[in-house]
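Inspection log for the structure reproduced underneath, given as structure tokens.
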Amino acid sequence: KTHGTGKDARKGRGKSDSEVPEDRRRELEEQILAFSLGREPGALIRSGDEVVVARVLGQDRRHLEGRSGRVVGTASLGSDKMVTVHFQGDGAAFGESGLDLTLAAADLQILEPRRPLPEASLQFP
1 KTHGTGKDAR KGRGKSDSEV PEDRRRELEE QILAFSLGRE PGALIRSGDE
51 VVVARVLGQD RRHLEGRSGR VVGTASLGSD KMVTVHFQGD GAAFGESGLD
101 LTLAAADLQI LEPRRPLPEA SLQFP
């Protein structure tokens with residue numbers, strides 16, 4: 001399968017789907033999904049946002065991946081942004097009152113931003 005309408009595509013010399021690196025393909029698919037759901041890829045996480053754990057490195061003993069919670073605090077440690085998230089209690093691993101965990105912002109995705117958004121949160125060209 002070729003892309004484009006230039007003379008290279010007509011001659012069969014266009015890029016094929018298999019030439020797109022898998023990491024780049026996955027990143028583009030995530031961006032398309034985020035846009036279709038009305039989420040902004042790369043948005044900054046703020047206190048009050050509802051987030052979902054998108055990635056867990058190592059064993060997921062508490063079954064965090066895919067679980068959502070409310071951001072209760074953020075902190076920067078050098079170039080890394082850390083986010084404390086409150087997860088509702090489930091009567092098991094998170095107890096009855098819930099659990100606060102601090103996670104890397106890179107491992108989270110915003111489900112529902114805090115409202116109202118501040119005026120300066122939108123950047124215009």
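Sequential numbering of the sequence shown, starting at 1, is according to the numbering used here.
Every residue gets a Cβ at the ideal spot worked out from N, C-alpha and C, and that includes glycine.
Apart from the 5 residues on each side of it in sequence, residue 93 sits with its Cβ closer than 6 Å to the Cβ of 62 in its chain, given in chain order. Given a length threshold of 3 residues, each whole run of the beta strand (DSSP E) inside the stretch 80-109 is given here in chain order: 80-87, 99-104. The three-state secondary structure of residue 44, taken from DSSP, is coil. Relative to residue 65, the option among 114, 107, 113, 100 whose CA is nearest is 107.
Within its own chain, the residues whose Cβ lies closer than 6 Å to the Cβ of residue 46, once the five positions on either side in sequence are excluded, are 114, listed in chain order.
Excluding five sequence positions before and after residue 99, the CB atoms of its chain that fall closer than 7 Å to its own CB belong to 87, given in chain order. Excluding its 5 nearest sequence neighbours in each direction, residue 80 has C-beta neighbours in its own chain below 7 Å: 104, listed in chain order. Distances from the CA of residue 72 to each of 101, 24, 78, 111 were compared; the closest alpha carbon is that of 101. In chain order, 107, 108, 109 place their CB closer than 7 Å to the CB of residue 54, counting only its own chain and leaving out the 5 sequence neighbours on each side. Take residue 43, set aside five residues on each side of it, and the residues of its chain with a beta-carbon closer than 8 Å to its own are 110, 113, in chain order.
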